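J.: The structure that follows is given in the form of structure tokens.
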């Protein structure tokens, strides 16, 4: 299983090297799970929001075309970002929740179009985020547990 997190643009730059390294370590993977989008909602990327879903499209296409995935047996999964609080968060996450609310449906659609199964963890955590992420961004263990339960139902 390969799990990727960070932001879409950073992963797009590094994806070939990551997959090449993964192939050296193991010849075949049952699952490739992509968890991207949260960092793309940071304030510093506000002017680049329109690029995110297109970059995700390119990234997912590169993953599926990589020689590591050509066997046809690898299952591809995209996990949406969780929600973020807009108030009382670090300045770098100011208004990230609003950006994610607009971005998540686009990312979900793009992943489906690229043949990825989608696990939406954004929706189940709406309204309960303050319990699971005291800082409005980073989930404490109960939030991570809920995330894993939702996410591992697919297995």
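Numbering (this note's numbering), first residue to last: 1 to 155.
The beta carbon of each residue, even a glycine, is placed where N, CA and C say it ideally should be.
Computed from a prediction, not measured in an experiment: that's the story for all the values here.
Can you find at least 3 beta carbon pairs, one from the region 47–59 and one from the region 100–112, that sit closer than 8 Å?
T.: Because the criterion of three Cβ pairs below 8 Å is met, the region 47–59 and the region 100–112 touch.
J.: Excluding the 5 residues flanking residue 74 on each side, which residues of the same chain have their C-beta closer than 8 Å to its C-beta?
T.: Mapped onto the chain shown, residue 74 falls at position 74. So the list reads 28, 29, 30, 31, 32, 68, once near-sequence residues are dropped.
J.: Verify the contact flag: residue 107, CB atom, against every heavy atom of the ligand MN, threshold strictly below 7 Å.
T.: By its list of ligands, the structure shown contains no ligand whatsoever, and the ligand MN lies outside what it can speak to.
J.: Do residue 117 and residue 63 count as a contact pair if the criterion is CB distance below 8 Å?
T.: Here residue 63 refers to the residue found at position 63 when the chain shown is read from its first residue. Here residue 117 refers to the residue found at position 117 when the chain shown is read from its first residue. Cβ distance not < 8 Å, so residue 63 and residue 117 don't count as in contact.
J.: State the DSSP-derived secondary structure class of residue 16, mapped to helix, strand or coil.
T.: Numbered from its first residue, the chain shown carries residue 16 at position 16. If DSSP states are grouped into helix, strand and coil, residue 16 belongs with the helices.
J.: Taking the alpha carbon of residue 60 as the reference point, which residue from 138, 43, 14 has its own alpha carbon closest?
T.: In the chain shown, the residue the question calls residue 60 occupies position 60. Of 138, 43, 14, the residue nearest in Cα terms is 14.
J.: Relative to the C-alpha of residue 110, which candidate in 45, 39, 139, 51 has its C-alpha closest?
T.: Here residue 110 refers to the residue found at position 110 of the chain shown. Looking at the Cα atoms, 51 is the closest of the given residues.
J.: In or out: residue 102 buried (at least 16 other Cβ within 10 Å) or exposed?
T.: As a position in the chain shown, residue 102 is number 102, starting the count at 1. Its Cβ having fewer than 16 others within 10 Å, residue 102 is exposed.
J.: Would residue 12 pass as a contact of residue 41 if the rule is Cβ separation under 8 Å?
T.: Numbered from 1 along the chain shown, position 12 holds the residue referred to as residue 12. Numbered from 1 along the chain shown, position 41 holds the residue referred to as residue 41. Result no, Cβ atoms of residue 12 and residue 41 do not sit closer than 8 Å.
J.: Do you know offhand how far residue 3's Cα is from residue 49's?
T.: Taking the chain shown and counting its residues from 1, one reaches residue 3 at position 3. Taking the chain shown and counting its residues from 1, one reaches residue 49 at position 49. Confidence at residue 3 is low in this model, with a pLDDT of 46, below 50, so the placement of that residue is unreliable and no value is reported for it.
J.: Starting from residue 79, follow the beta strand (DSSP E) in both directions and report where the run begins and ends.
T.: By one-based count along the chain shown, residue 79 stands at place 79. Unbroken beta strand (DSSP E) run through residue 79: 75–79.
J.: Could you tell me which residues DSSP pairs with residue 86 in its beta bridges?
T.: To locate residue 86, count along the chain shown from 1; it is residue 86. Partner(s): none; residue 86 has no beta bridge.
J.: Rounded to a whole number of angstroms, what is the C-alpha to C-alpha distance between residue 72 and residue 37?
T.: Mapped onto the chain shown, residue 72 falls at position 72. Mapped onto the chain shown, residue 37 falls at position 37. So the two alpha carbons sit approximately 26 Å from each other.
J.: Is the beta carbon of residue 139 less than 8 Å from the beta carbon of residue 92?
T.: To locate residue 139, count along the chain shown from 1; it is residue 139. To locate residue 92, count along the chain shown from 1; it is residue 92. Result no, Cβ atoms of residue 139 and residue 92 do not sit closer than 8 Å.
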